[in-house]
Structures are given as structure tokens and as C-alpha cells.
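Worksheet: the structure to be examined is printed underneath.
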Amino acid sequence: MLEGLLTAFGNLAGPGPLFLIFAGTALGLMVGALPGLSSPMAIIVLLPITYQMDTLSAFQLMVGIYVGTKLGGSYASILLRTPGTPAAACTALDGFPMAEKGRAGEAIGYAVMASTAGGLIGWVAAVCFVPFIAAVALHSEPADIALIGIAGLILVSAFVRGSMVRGLIGVLLGLLIASVGYDVQEGVERYTFSNPMLASGISFAAVLVGLFGLTVVLADLALVGRRSELATRELNAELPRAVEFFRRWKAWTIGTAYGIIIGAIPGVGADGSTWLSYATVRNQSKDPPPEAFGTGVPEGILAPESSNNATTGGTMIPMLTLGIPGDASTAIMLGAMVLHGLQPGVTLMQTSAPLVYGILAAMFVANIMMFLIGWNASRVFISILRRDRSLLFPFIIVFASIGAFAADNDVFTIYVAIACGVAGYFLEKRGFSVVTIVLGAVLGPIIEYNVRLGLAYSNGDWAVFTATWPRLVLCGVIALLIVNEIYRAVGRRSESRAVSENT
Amino acid sequence: MKFERQERIKDLILAAVLCLVAIGGFVFVNPTEAAINDGPGGLSFRTLPFIYSGALLFLVALFAASTIYDLWLMRAGKAPRSLFGERMPVEHNPTADIRRVITLACLIGFAAGLKAFGFAIATPVLLFLMLGVLGRSNWLENLLLALVGGAVLWILFVGILKLPLEGSFWDPVTPLLNKLYSLTGAR
């Protein structure tokens, strides 16, 4: 393991990889700073460029964006009270009051320090757990892989916003999308309508561009034309003294722990972890007292920001070992793996260990670069907050369209992306999450292939899916999550009945 | 209450569309009507898509039933129960809706124009139209931005990344740009 990681660090020594990580991190900070735009959108915009790169270089750029957006989101929270990314919303609670008191630079400094600490500790967790879980997962048979995939889909459906019913509807739409094209095992066309453009399936790039690029553009058109007034014109980050930072160790260690653990749960991402860590730190805090939170205390920035960046390490654990994404950005990265001809999942470590270590090494460097850029060049990214998006969106549309086109060098994929974008926009508007659709589309072929292979190995005996203890545990987890959802729905029904009767 | 009812009716419309998708999952799975014997465990190429479509139909029926139940409760003057989660509150913005429709029309036009007239013509036109649609009123500045932006994007996608973005019907600009680009010595 250590050897693989050291080799990966050695491969980063050239100017090319370092430039890619730097460019990705800087772009991530910029995109994260703009409310409404986030890392999935930035990765989609760069899709046509990453086609021309080798797989590792493409991931160095994507990892930089992923890490950078986490800190970028806090700028808008602190200076505008409008979070740049959903996960940074919690930072506004204490960040904005600090900015109003003329301490914006200090607030940004705390955000930079907490993000870096959270990101680096999250990275250590990923480095420790990825090889361990991957080694265990390597012993999986097709039936295990199929069950892990199904459990991943159910987990994501259970934890995305809304309800499991909405999540599962999204997953099933993704699975149907993945069914389009030639069935590889029997060579029969499915859902192609005899259209040769659909024979090889719906272009995955088109699905990604549509669901993550065009959906966001269509949704964010409501934000165009709104000018932003910053809380203060003091724009330089002032890093806290080491003693000040370490004196508040509880806030950022609790935040980091939440970030790693919740980040590793598929589908939850950073949004939930920041609020949980903030609530925990506030409730157990003696100095400052809980009632001081919300008035501008550094602990209120340290907890959510460390948690937000620690999720980058947490989300990498299921993504690199089981092929299950922790959030939307890692879902796109899984998609990018498919586009680059890799099969994400339990065999990734076996087939592409240098890539896995390369991604982990790039993540460490991206955290360091995020610290350096955040410390020295915050002013540049904050100035973007004042800009209107009307200039940016037309260019995003061109990049996204060409990203879809470049997958097959045909305009048909742009039409598919537009259809996915419109469908994604309406589904998001009605409380469905597009992440579930993408996950269904990524895991669908893997699940189908392994279900059929597992049945072939067992001469068609379905009991193969409950033949071992780990498989029984996985079936138990799936059943538990479904029962929990039914229980919640029934609970909600009786709760509202009680409310109706009282009123 | 009126807004809540409207939102539920929109949910019902979405459920109807999803129901059609699920039924389509059964009907359109095999366009060539190929007959294949079942594989191990009784699985064939259509088994899993049928399971997906069946599960989708079931869940959409649950979603629709919960929405109808909420509508019935609201009609009786009671609070809706939202058994399967709530939507994010959506701000109604007619200007943004108009922009969305025009943006979609521009995108479809861009895709069609890309094939017929090539990237070199379609992109500046799209950029110019979109800048106007998004409320930038200085037409001269928009034109300049569209032309310069289009040229920079052409250099990136056609010059550097070498994507085949020439028009098939009428594209006098791409050969000219290719010639200019080769004169710079970059190709």
C-alpha cells in the first residue's frame, strides 16, 4: 500500500500533474464561490477537455475541483449569507455575523484552516480504509458484487433528500436508462426503437451533462440578474495563530469525524454532516456557551468547514472500493471512470491500483494547494461574488453541449443531453434527486452482469444470493432500510393524524 | 392551501408521465421481437428491465395514491400528510420560466445549427442570443463577446482538441479558420 502511494506521489512530481491539480483547485474555489454552481457542474463543464487526457490526469483535475469547491462555498456564506454550495449553508450562521462585525478576513482565515485540517485528516482516513476495504472486497464473488450494488442503490435512495420512494423512482429510471442498447450477453436490442444511435446504449456523457449540467443551468436561470452586496470590503484572509486554532481543537475534530463518517455513507454527502457537527459542537460547548453560537464565534465556522472538507476523504472510501458514490461529485467521477473505459466497483483496486493511489495522492496535494490559494488569493475569488452570472451561463451551455457531443462526435448526444436536462429539471423541482438516476445508470450494468453471472455459476439457483453470511447481512441491510422507510411513512401518517385531531 | 393543491396536482401530472415511462418499459423492451430462451435462473434479456418497470409502476402508484390522499384531505379542510417526503419550496418566477423556454429553444437550435453550419457559426450565434436572453442590454458588447468568445472556444475545441465540428450543409467559416490557424504554426 505504502509503496503504491509513494509511487503515486513520485508521479506527481512533474509540472504537468501539479498544474492540473492547481488549475482544478483554483477553478473549484471560483465555482464554489458562486452561489448555485458547484463541483458537479464544474466537472461536467470540463468533460470535453478530459476526454483528451489520460485517465489519471483527468482525475487530478476533477479531484482539484472537488476539493476546491468545498472551501469556495464558504466565501459566499461568510460575505453574502448566501451559501456558494448547499454544504456551506451552515457556515453562514456564524461567518456572516463575524463579517458584519468587520472580522470577515478572520472568518475566512478560520474557514481556510478548518477546511485544510478537515481535508487532510479525511485524506488520512481514506488512505487507511481504502486499501483495507478493497482487500476484503476483492474476495467478492458475482453474487456479492450484485448485492453490494443493490445495497448501494437502496442506501442512496434512503438517504437522499425527500423519501426512499422518490429515491427509488430515480434509481429505477437510471436502471432503465442503463438497459437501453444491445444486451451484451444475448446480443438483443432493448429500447432502441430500431434507432442505430441507441444500439450502443444512451451515451453516458449525455446523461451526465443533461442531469448535472443543463438541469442546474435551467434551475439557476432564476438567479441571473441578481447583484450581490458583500457584507464588507475587507477581502484578505487572515489566518488565525496556531495557538488560537489548536485551542479550539474540539470544534474541528468533531466536525472532521462527522465529515469522514457521514461522507462514507452513500448518498448523504457533506450537506448533512455540516449541520450535525455544528449542532454537536454548539450543544457541548462551554466556552463559548451554546447561546453565543449564531452571533459570530469561530467555533461556528470551524465545525462545519472541517466537516465539509473531511467528507472528501469519506466519500472516496465507498467510491474507490465498492463503486458507490458518497455524493453527486463522486457519482460523476464514477461516470468518468466508465467514460474512460474502466469498470468501477470492487475490482477497481485489482485492475487499476495506480489510478486509485494516484487519486489519493492528488487529493493530498489538492488540499495543500487549496490552503495556499485560499490563504494568499482569496481576494481574487471573492471579487467573483460581485459578478452577475449572465456572462457565465452562455459559455457553460456551450461547454456542456460540446461535452455531450464529444462522447460520440454526433449531435444526437446533445439532443439526449437536452432531454435529460429537461427531465432532471422537472424531477428536481418535484423533490426527486438526479444523483439517484445517475447512480442507477452507473450501477445498472454492473448489477445485471453480476446477477446473471452469479446465477450461471449456481446453475440458476437464486439461493446463491443468501448462501453466505456477508450476503445475508447485505440482504438484512436492504430489508432494514425498506422496513425503516415504511415505519417512517406510517409514523408520519399517525403524527399528522394526531395534529389534525388536536386542531 | 391553493398553492399546496396546485403543487399536488403537478405531482399527479408527473406521476402520470412516470407511469407512462414504466408502461413503456414493458412495451418497448424488444423492438426486433427477438425470441430468446431463458438463461440460468429463468433470466433473459428482458427479465431485469421488466422488474425495473414493474417496481417503477408500483412506486409511482404509491406516490400517486399518497398525493390523491393529500388532495382529499385538503378538500376536507385537513392538513396534507406528505407520506413520501416534501418538495423543496420553489419560488415562482415568470421571467425565469420565459428564459428557460428560450434557452431550450436556443439549445435545440444550437444542436441543429452545429450539424448544418458548424461550430464556427453556431457558437457565436448561440452566445449572442443567450447574452441577450439573460438580460445583457449592450448589444455591441454582446456581439463582441460572442465573436471573441466563439473564436477562443473554436481554438480550444477545433484547434487544440481537434473535435470534428465542421458543418455539413453550409460552413464557409471553418475552412477559413483552419487556414488561419495553420498559418500561426500551431498545426
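Chain order of the listed sequences is R and A.
Read in my numbering, the first sequence has 300 at position 305, and its numbers run on one by one without any break.
Numbers given in my numbering equal positions in the second sequence, counted from 1, plus 387.
Glycine included, each C-beta is placed from N, C-alpha and C at the ideal position.
query                                                                                                                          : result
The stretch 27 to 52 of chain R: positions lying closer than 9 Å to chain A by Cβ                                              : P43, I44, Y46 and Q47
Interface flag, N404/R vs chain A, CB-CB below 7 Å                                                                             : yes
Runs of alpha helix (DSSP H) lying entirely within the stretch 325 to 361 of chain R, each at least 4 residues, in chain order : 343 to 346
C-beta neighbour in chain A for W270/R, strict 7 Å                                                                             : no
Residues near A533/A in its chain [Cβ-Cβ closer than 6 Å; skip 5 each side]                                                    : P511, L514 and F515
N- and C-terminal bounds of the alpha helix (DSSP H) containing A102/R                                                         : A99 to A132
Min CB distance V219/R to chain A below 7 Å                                                                                    : yes
CB contact check: P551/A to chain R, cutoff 7 Å                                                                                : yes
N-terminal and C-terminal residue of the alpha helix (DSSP H) that Y186/R is part of                                           : Careful: Y186/R lies outside any alpha helix (DSSP H) and carries neither H nor E.
Coil, strand or helix - G176/R by DSSP                                                                                         : strand
Through-space distance from L521/A to N529/A, alpha-carbon basis                                                               : 11 Å
Cβ-Cβ distance between I73/R and A102/R below 7 Å                                                                              : yes
Among L458/A, P562/A and T482/A, the one whose alpha carbon lies nearest that of E391/A                                        : L458/A
Separation of V478/R from V351/R, as counted between CA atoms                                                                  : 36 Å
Amino acids of chain R, ordered along the chain, whose beta-carbon sits closer than 8 Å to that of N417/A                      : V183, E184 and R185
Buried or exposed (CB count within 10 angstroms, at least 16 for buried), F240/R                                               : buried
Partner residues on chain R for F432/A, Cβ-Cβ distance less than 8 Å                                                           : D178, Q180, E181, V183 and R185
Spatial distance of L430/A from G169/R (CA atoms)                                                                              : 20 Å
Neighbouring residues, chain R, relative to T510/A (Cβ below 8 Å)                                                              : V393
Counted within 10 angstroms of its Cβ, other Cβ atoms place C123/R as buried (16 or more) or exposed                           : exposed
Neighbour-count burial assignment, G188/R, 16 or more Cβ in a 10 Å radius                                                      : For the sequence presented, residue 188/R should be read as Phe rather than Gly. Result: exposed.
Status (buried if at least 16 other CB within 10 Å, exposed otherwise) for T498/R                                              : Bear in mind that a pLDDT of 49 at T498/R, under 50, signals an unreliable position, so the number given afterwards is only what the model happens to contain. T498/R should be labelled exposed.
Span separating the alpha-carbon of I542/A from that of T45/R                                                                  : 16 Å
Amino acids of chain A, ordered along the chain, whose beta-carbon sits closer than 7 Å to that of F390/R                      : G536
Span of the alpha helix (DSSP H), counted from its first residue to its last, around E294/R                                    : E294 to L317
Local Cβ density within 10 Å of Q55/R, reported as buried at 16 or more and exposed below that                                 : buried
C-beta neighbour in chain R for L564/A, strict 7 Å                                                                             : no
Under 7 Å between C-beta atoms of G176/R and G196/R                                                                            : yes
Burial state of I485/A, where buried means 16 or more other Cβ atoms lie within 10 Å                                           : exposed
Neighbour list for V447/A in chain R, Cβ cutoff strictly below 8 Å                                                             : I164
M25/R and F376/R closer than 7 Å at C-beta                                                                                     : yes
Short CB-CB distance (under 7 Å) between G267/R and chain A                                                                    : no
Opening and closing residue of the alpha helix (DSSP H) in which E95/R lies                                                    : A87 to E95
Inter-residue CB distance, L271/R and I257/R (contact presumed, cutoff 8 Å)                                                    : 7 Å
Any chain A beta carbon closer than 7 Å to G67/R                                                                               : no
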